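Before any comments, here is the structure.
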Amino acid sequence: MILNNVFRGNSIRNHITRFVFMLLVCFLLVYSFVFYSTISVNDRTGQMFDLNKELSRLEVILADSNDSIEKYLDTKDSDAFIVYLDRRTEIEAFIEQYDTGLSYDETELQLSNISQMLKEYLNEGERVIEFKRGRFTTEYIQAFENTKDLTLYIERKIQEVSLSEVAINLANYNNLTESIKQLTTSFLMVTILLILISIVFIYDYTDKVIHPIEKLSKYSKEISEGNYNEVAGEDLYFDEAMVLLDSFSDMARSIKLYVEEIQDKAITENKLRISEIKNLRMGNIVKEAELKALQSQINPHFLYNTLNAGVGLAEVEEAERTSDYLDHLAMLFRYNLKGLDNVVTLRDEIRNIENYYQLMKVRFSDGIEFVFTLDEEMMDLEMPPLILQPLVENAFIHGFRDKASERKVEISVIREAEYARIEVLDNGRGISIEQLEMIKSRSILDTDQLIESHVMAVDTEHGHTTGLGVDNVKSRLELFYDSNEVFDIESKEGEWTKVTIRIPIEVTHV
Amino acid sequence: MKSQRVRNFQVIKFILVMLLIVLIGYIGFITYQIRSAESGSGNLFRRIPEQQYVVITDDEESYAHLTFMEGVNAASESLNVVVKIEPIEDSTNEDEIEDAFKASMYAHVDGIVVKLANNDRAKASIKKSEDRGIPVVAVGNDSITSERSAYIGTNKYNLGLSVGELVLSDEEAENVLIVFDFNYTDKKGAAANNYLNGFLSVMNEIDGRKIQTLFLEEDQRIESMIKAVLDQDKPDYIIATDPINSLRVTKALIDLNEIGNVKIIASSEHPDIVNYLKKGTIVASAVEDFQLIGNGAIQSIYELGHQRSTSAYQAIPFEIMGQETAGERDDLE
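Keeping their order, the protein sequence lines are chains A and B. Residue 73 is where the first sequence starts when you use the numbering used here, and the numbers rise one by one after that. Residue 824 is where the second sequence starts when you use the numbering used here, and the numbers rise one by one after that.
What follows is the structure in structure tokens.
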């Protein structure tokens, strides 16, 4: 199990263990070969001249044997006979050792031949002794001559073998020396190669260990810079590095999620706060406007009821125009009394302007003209109340201040893609550029202008039925539609003033 | 970039590991060699020869001998026998010949091949060997009185006769020189006598032709003698009875610019001789098949060594190769 892990695992430890193991095996293998070769060479060198020594010894033995036979023949000395027997035993031992039979090997063949000659020699020697014991003088002399003759051939053969063996041994020695030289060179090369391999492997391993750390450092930096991109999956060679990278990737993912969560929460809270501020501001504007209205018109219900009584009286006295006038005035008051926090339709607004127009016609005789261009489909769009009346009143209060005739107000409602475009155009004296810029630049949605806008929301000038100025209208529209592009005012000083209101057809008001 | 570096590393590592494996293998091989030399384990499946024969010869260097040994070695390889050469330094020294025989007998060899210039010189030793039960095969020239078991070789009489017939066919051939090398120098040797007898049986001096013989001693070289021979009595034909002298005569005549004036009949199918034949430098060559003789000698002695009968006289066919037949040698090769 442990071995299986070591040989198959992909951890740094397993890699290093495997590498060291392979290195050791290589060294062990090479050292074993060299060690074994050294022992073999030593043995071989030791044995190299063994045969020569044995052959030299054999020559001595033969000479000794012949001497002992001769001595025995001369004196019949038992000691000489014993010496002969000893030499005979030694010769037999030689034969036993070296007679390996026929061979294609030159030395072995020669040794076999020597052994055969030695056997012949021993036979002749035996015959010499037997003839001597039988007192067959001629025969033992002949047999002894034969042994001597044989000795000569054996010695000649021994010389041949010795010379040949020396030559062979020298050749073998040269071969061995050459082999040892090759072995030494190869061993040196293997050692260098193993060192080179170690360097390459260590460099490679180091690179493979450092690479993930570099990678992780890079990712850490990216994370610290707020870049939570996921770490690309790649093979980092070692298990540890992969685990580290996976953990790091998980951590980065978690941080990213957490930061996103916090950001979402912050955005939501911010939106909520802005919404609360807007609502608060809207409430303030409305309340302040209503307060202003209450301050300027002490008892509008009383006035409204009284106007209705006037209408009744005019009808009784058959004063029809008076009755109509009072009726329009009553409807205007009634509309004004509805409060600013309601939602009305564009149709309600237009009707209110028509009432206002009727009143203005009575007041300013025939020098006034209202032109309505209305898209009936747009008339049911919802919008905040008392938007158009302050604009028209503005024309009468400011625009027509110095104009006694040909006072014209054009009110148009046109569909424009997803919007209803409402224009209030008067041919009054217009607004100066500075004033126009000031009106345009103010926005209730601009946090920095909240306080200022708040102050400007209520018209402080006299003359407005509603007590509401252009700023108030603009502010309420922006708040209602949550857009600072809903209101626009243009003017050419001395010629005209045009207020454009763009309200979305799909109303989404705050 | 990174992956390229990784690939480079892989290649370097692969090469280094391969080198390491090769080197370790090489070290293993050297170790095995050393060990084999020590124990002889390299010959684990070596064959053990069935019998041992000795070739007693006074010729160890000639082309004829080398070709003969090719046949001997081929036969001994196929029959699983070991053959040892017992060289004779002086072929006229009968004691040396006897020593060689005795050494072989004492060594209990299974057969003896005797190939001397004159095998009759080994007559007594051959007889002793036969008496001890060691069969002897005479090669090249016979020694009938020696009681040798068998003879194998070219019939020199027929060879001389064939060469004589070839010369006879040239009507302009009036003066012929026959050169015998030192292997023929023993005039008592059967080889030279048989050859001459064969030659003279078809061509003699009766018709006014002149036949000269030159017996070279071992230390004599034909090159030094040829000019004197040419100056003294220029022959129409020079017949060389051995390959080496054939080449020497040819080269000497080329140097003397006598090719064409003196025609050469060479001996053997030595590649240089075949080449000269093709060029027309040599008119013919008497080719004895020494390889077949060597092969036959071992085959015969093997049969005898196994107590099987064999022909006591085996004449190996010879061939007179002319210019037209020399080309066929290439086709055969």
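All residues carry an ideal CB built from backbone N, CA and C; glycine is no exception. All values derive from a computational prediction rather than experimental measurement.
Backbone secondary structure at residue i - three-state DSSP
i         : result
A/LYS148  : coil
A/LEU446  : strand
B/PRO910  : strand
A/SER296  : helix
A/THR179  : helix
A/LYS480  : strand
A/LEU412  : coil
B/VAL932  : coil
A/GLU441  : strand
A/GLN119  : helix
B/ARG1131 : coil
B/ALA1120 : helix
B/THR1036 : strand
A/THR569  : strand
B/LYS1011 : Reliability fails at B/LYS1011, whose pLDDT of 49 lies under 50, so the model's placement of it is uncertain and the value that follows must be treated cautiously. Of the three classes helix, strand and coil, the one that applies to B/LYS1011 here is coil, per DSSP.
A/ASN351  : helix
B/ARG971  : coil
A/PRO576  : strand
A/ALA313  : helix
A/PHE91   : helix
A/SER83   : coil
A/PHE472  : coil
B/ASN1027 : coil
B/ILE1001 : strand
B/ALA961  : strand
A/ILE282  : helix
B/THR915  : coil
B/ARG955  : coil
Residues that residue i bridges to, as DSSP identifies them
i         : result
A/ASN427  : BP columns for A/ASN427 are empty, so no partner.
B/GLY976  : B/ALA1138
B/SER1090 : B/ALA1109
A/PRO462  : In the DSSP output, where bridge partners are listed per residue, A/PRO462 has none listed.
A/MET455  : A/VAL416
A/ASP554  : DSSP, once it has assigned bridges, lists no residue as partnering A/ASP554.
A/TYR491  : A/GLU488 and A/PRO576
B/GLY1145 : B/ALA1107
A/ASP560  : A/THR572
A/ASP498  : A/VAL481 and A/THR569
B/LYS938  : B/THR880
B/VAL904  : B/GLN874
For residue j and residue i, believed in contact at Cβ under 8 Å, the rounded distance
i         : j         : result
B/ILE850  : A/SER258  : 5 Å
B/VAL960  : B/SER1134 : That pair is no contact at about 11 Å.
A/LYS148  : A/ILE167  : With a Cβ gap of about 27 Å, A/LYS148 and A/ILE167 do not count as contacting.
A/GLU550  : A/VAL558  : 6 Å
A/TYR56   : A/ALA135  : Residue 56 of chain A is absent from the model: chain A starts at 73 and stops at 582.
B/THR977  : B/ILE1139 : 6 Å
A/ARG479  : A/ILE440  : 5 Å
B/VAL962  : B/VAL936  : 6 Å
B/GLY894  : B/GLY1117 : 3 Å
B/VAL1002 : B/ILE1062 : 7 Å
**Complete beta strand (DSSP E) runs within the stretch 829 to 901 of chain B (minimum length 3 residues, chain order)** = 874 to 880
Residues in the stretch 867 to 882 of chain B having any Cβ partner in chain D nearer than 8 Å | Reference to chain D is not applicable here, since the protein chains of this structure are A and B.
Pairs of beta-carbons, one from the stretch 408 to 417 of chain A and one from the stretch 457 to 476 of chain A, closer than 8 Å: are there three or more?
yes
Problem - Every unbroken alpha helix (DSSP H) inside the stretch 1040 to 1086 of chain B [4 residues or more] - result: 1045 to 1056 and 1066 to 1078
Would you call the stretch 983 to 1001 of chain B and the stretch 1014 to 1027 of chain B in contact, with 3 or more CB pairs under 8 Å? yes
Segment contact flag, the stretch 867 to 882 of chain B with the stretch 1096 to 1105 of chain B, C-beta cutoff 8 Å, min 3 pairs = no
Practice task
For the stretch 259 to 268 of chain A and the stretch 285 to 295 of chain A, state whether three or more C-beta atom pairs, one from each stretch, are separated by less than 8 Å.
Solution key: no
- Message: Does the structure place the stretch 491 to 506 of chain A close enough to the stretch 463 to 483 of chain A that three or more beta carbon pairs sit under 8 Å?
- Response: yes
Is it a yes or a no for the stretch 214 to 231 of chain A touching the stretch 83 to 92 of chain A, going by three-plus beta-carbon pairs under 8 Å?
-> no
ask   = How do the stretch 115 to 135 of chain A and the stretch 309 to 322 of chain A stand: do at least 3 beta-carbon pairs fall below 8 Å, yes or no?
value = no
**Prompt:** Three or more C-beta pairs closer than 8 Å, one from the stretch 950 to 957 of chain B and one from the stretch 966 to 977 of chain B: is that the case here?
**Reply:** yes
Exercise for the section: Count the CB pairs spanning the stretch 171 to 180 of chain A and the stretch 232 to 245 of chain A that are closer than 8 Å, and state whether there are at least three. Expected result: yes
request  = Inspect the CB distances between the stretch 385 to 398 of chain A and the stretch 420 to 436 of chain A and report whether three or more fall short of 8 Å.
outcome  = yes
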